[in-house]
Amino acid sequence: MTLLLTILTGVLCIGGAIFVLLSAIAMLRSRDGLSRINVLSSATGMGLPWIATGVYIQHVVVHGFDVITLIKLLVAIAGFIIMSSVASNALGRAAYRSGAPLDPATDPNELA
Amino acid sequence: MIPNPLRVGVYAGWLAGEVIRGALRIGVDVITPNLRMSPAIVALPLHCETDLEISTMASSITITPGTITLGIAPRTGDSPPTLYVHALYGEDRDSVIEDLRDMERRLLVMTRGRRSGEQAMEGEPS
Amino acid sequence: MTVIVWTTVVILLLAAVLGLVRVMLSRDDASVAAVSDLVYFCAVGIFLMVGLNAESIVLLDVASLAALVGILATVSLARILTRGRR
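Residue numbers (our numbering), protein chains in the order written: chain A, 913 to 1024; chain B, 8 to 133; chain C, 13 to 98.
Encoded structure:
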C-alpha cells in the first residue's frame, strides 16, 4: 500500500514538474509577450496543483489523515487556479495596453 | 444565487480535462521541431448576463492553456458584454469561437440549470 | 522517495533556468513579467519538494499561502507595465 502511494506521489510530482518544464520551453520558443503570458497557465493550472496533491499524499502516509490538511490542500488548489487566472487577466490586459510588441503573425486582431 | 454543487462539480471536471488537453497540445507543439503557433485576437460577444457569469467565463478562458482574456467590455446600450480573447492557435477563427461557445454553454448550464441554460444559448447574443 | 524529490527539483530548476535564458534573449516588459511568474512557481515547487524530503509538517500551509499571495506580485507587475494607469 505504501509502495503504491509512493508511486502515485512520484507520478504526480514528476508529472507536475514536467508540465512546468513544458511551459518554460513554450515560453522560450513563442514569439511575443502575450503568448508567453498565455502559456504560463499550463504551469499554474496543472503543474503546481499536481505537485501539491503529491505532497498531500505523502503527508497522509507519514503523518496520518486529518481534515484540516485536506482543507488546506483544497484551498491551495483553488488558490493556484483562481488566483493565477485572475492575475493573468490583469497581466494580459496591462501588457496589451502598454503596447507590448505583438507577433506580426497575429491575425485576425479584433482589438486593434 | 449559489449554483447547484453537483453542476459545479461537473463543470470543474470538464474544465480540468480541457486544461490537460490544452497543456498537452502546447507541449506536443513545442517539443516537436515545427512551431505551428499563429496567435489571433478575437472578439467574443457573450450570452452571459450577471457579473458572476462574466468573470467566471473570463477566468475559465484564461486558465485553459492556449487562450487568455485580454479585456472585458461591459454591456453598453444594446451591444452585449464582450470578451477579447488572445488564442495561441487562431488560424481558424470559427473553430476558436466554436470552442469558446461550447465552454459558455456548459457555464450557463451550470449557473442556470439545463433548460434555461440551453435556451439562453440559442441565437446570437444581444 | 529521495529519487522522486531530486528528479522533481532538477526538472523545476531546468524550467527556471530556461525562463532566465528567455529573459536574457529578449527583454520586453511583458516577457519579463511572465518569466518572473514562472520562476516564482518554480521556487514554490522546489521548496515543497525539499520540505517533503525533510518530512516537514507545514508544507500544505506553505502551498496554500503561496497560492493566495502569488497574485500580489503579478498584479504589481501589471501596474508597473501600465506605468500606474489602470
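Glycine included, each C-beta is placed from N, C-alpha and C at the ideal position.
Look up residue i in the DSSP assignment and say whether it is helix, strand or coil.
i, result
"Ile69/C", "coil"
"Ser43/C", "helix"
"His971/A", "helix"
"Pro10/B", "coil"
"Gly97/B", "coil"
"Ser997/A", "helix"
"Pro72/B", "coil"
"Ser1090/A", "Outside the shown range of chain A (913 to 1024) lies residue 1090/A, about which nothing can therefore be said."
"Ser123/B", "helix"
"Pro961/A", "helix"
"Ser947/A", "helix"
"Ala1002/A", "helix"
"Ser954/A", "helix"
"Gly57/C", "helix"
"Gly63/C", "helix"
"Ser45/B", "strand"
"Ser935/A", "helix"
"Ala30/B", "helix"
"Gly78/B", "strand"
Comparing alpha-carbon positions, which option in the options lies nearest residue i?
i, options, result
"Gly63/C", "Val967/A, Trp962/A, Pro961/A, Leu960/A", "Val967/A"
"Val987/A", "Val81/C, Ser76/C, Val70/C", "Ser76/C"
"Ile58/C", "Ile23/C, Leu84/C, Leu30/C", "Ile23/C"
"Gly945/A", "Pro1016/A, Leu1023/A, Val972/A", "Pro1016/A"
"Leu51/B", "Arg119/B, Arg100/B, Tyr18/B", "Arg100/B"
"Ala28/C", "Asp41/C, Val51/C, Thr14/C, Gly82/C", "Val51/C"
"Thr956/A", "Ala78/C, Leu93/C, Ser68/C", "Ala78/C"
"His93/B", "Leu31/B, Pro46/B, Gly120/B", "Pro46/B"
"Leu84/C", "Leu940/A, Met995/A, Leu1014/A, Arg1009/A", "Met995/A"
"Leu920/A", "Thr965/A, Arg941/A, Leu960/A", "Thr965/A"
"Met110/B", "Glu98/B, Pro88/B, Gly124/B", "Gly124/B"
"Ile963/A", "Leu915/A, Val923/A, Arg1009/A, Met939/A", "Val923/A"
"Asn11/B", "Ile33/B, Gly120/B, Pro88/B, Leu22/B", "Gly120/B"
State buried or exposed for residue i, treating a residue as buried only when at least 16 other CB atoms are found within 10 Å of its CB.
i, result
"Phe992/A", "buried"
"Met117/B", "buried"
"Arg1005/A", "buried"
"Val49/B", "buried"
"Phe53/C", "buried"
"Val974/A", "exposed"
"Val21/C", "buried"
"Pro72/B", "buried"
"Glu1022/A", "exposed"
"Met1026/A", "Lying outside 913 to 1024, the shown extent of chain A, residue 1026/A is not represented and no answer is given."
"Ala936/A", "buried"
"Gln970/A", "buried"
"Asp18/C", "According to the sequence shown, residue 18/C is Trp rather than Asp. When all chains shown are included, Trp18/C counts as exposed."
"Leu90/B", "buried"
"Ile61/B", "buried"
Legend entry - Any 3 or more C-beta pairs closer than 8 Å across the stretch 55–68 of chain B and the stretch 27–43 of chain B: Taking a contact to require three or more Cβ pairs closer than 8 Å, the stretch 55–68 of chain B and the stretch 27–43 of chain B do not qualify as touching.
Legend entry - Any 3 or more C-beta pairs closer than 8 Å across the stretch 979–990 of chain A and the stretch 922–933 of chain A: Too few Cβ pairs lie closer than 8 Å, so no.
Legend entry - Interfacial residues, the stretch 922–950 of chain A to chain C, with Cβ spacing under 8 Å: Contact residues of the stretch 922–950 of chain A toward chain C are Gly922, Cys925, Ile926, Gly928, Ala929, Ile930, Val932, Leu933, Ser935, Ala936, Ile937, Met939, Leu940, Asp944, Gly945, Leu946, Arg948, Ile949 (C-beta to C-beta distance below 8 Å).
Legend entry - Three CB pairs or more closer than 8 Å across the stretch 77–85 of chain B and the stretch 109–116 of chain B: Flag = no, the stretch 77–85 of chain B and the stretch 109–116 of chain B do not touch.
Inset, instruction - Taking a Cβ distance cut-off of 7 Å, strictly less, list which residues of the stretch 990–1010 of chain A are near chain B, in chain order. - result: When C-beta distances to chain B are compared with 7 Å, the residues of the stretch 990–1010 of chain A below that value are Ile993, Ile994, Ser997, Val998, Ser1000, Asn1001, Gly1004, Arg1005, Tyr1008, in chain order.
Inset, instruction - Decide if the stretch 913–929 of chain A is in contact with the stretch 28–45 of chain C; the criterion is three or more beta carbon pairs, one per stretch, under 8 Å apart. - result: No: fewer than three Cβ pairs fall under 8 Å.
Inset, instruction - Report yes or no: do three or more beta-carbon pairs, one from the stretch 58–68 of chain B and one from the stretch 940–955 of chain A, lie closer than 8 Å? - result: These segments do not touch.
Inset, instruction - Count the CB pairs spanning the stretch 995–1002 of chain A and the stretch 81–90 of chain C that are closer than 8 Å, and state whether there are at least three. - result: With contact defined as three or more Cβ pairs closer than 8 Å, the stretch 995–1002 of chain A and the stretch 81–90 of chain C are in contact.
Inset, instruction - Identify each residue in the stretch 975–987 of chain A for which the Cβ-Cβ distance to at least one residue of chain C is less than 8 Å, and report them in chain order. - result: Correct list: His975, Thr981, Lys984, Leu985, Val987.
Inset, instruction - Would you list, in chain order, the members of the stretch 41–60 of chain B that have their beta-carbon closer than 7 Å to a beta-carbon of chain A? - result: Closer than 7 Å at the C-beta level to chain A, one finds these residues of the stretch 41–60 of chain B: Leu42, Met44, Ser45, Pro46, Ala47, Ile48, Val49, Ala50.
Legend entry - Residues from the stretch 23–34 of chain B in contact with chain A, defined by Cβ distance under 9 Å: For the stretch 23–34 of chain B, which is checked against every Cβ of chain A, the residues closer than 9 Å are Ala23, Val26, Ile27, Gly29, Ala30, Leu31, Ile33, Gly34.
Inset, instruction - Check each residue of the stretch 93–113 of chain B: if its Cβ is closer than 9 Å to any Cβ of chain A, include it; give the result in chain order. - result: Within the stretch 93–113 of chain B, His93, Ala94, Leu95, Gly97, Glu98, Arg100 place their CB atoms closer than 9 Å to a CB of chain A, listed in sequence order.
Legend entry - Positions along the stretch 26–46 of chain C whose CB lies within less than 7 Å of some CB in chain A: Going along the stretch 26–46 of chain C in chain order, one finds Leu26, Ala27, Leu30, Gly31, Val33, Arg34, Asp40, Asp41, Ala42, Ser43, Ala45, Ala46 with a Cβ nearer than 7 Å to chain A.
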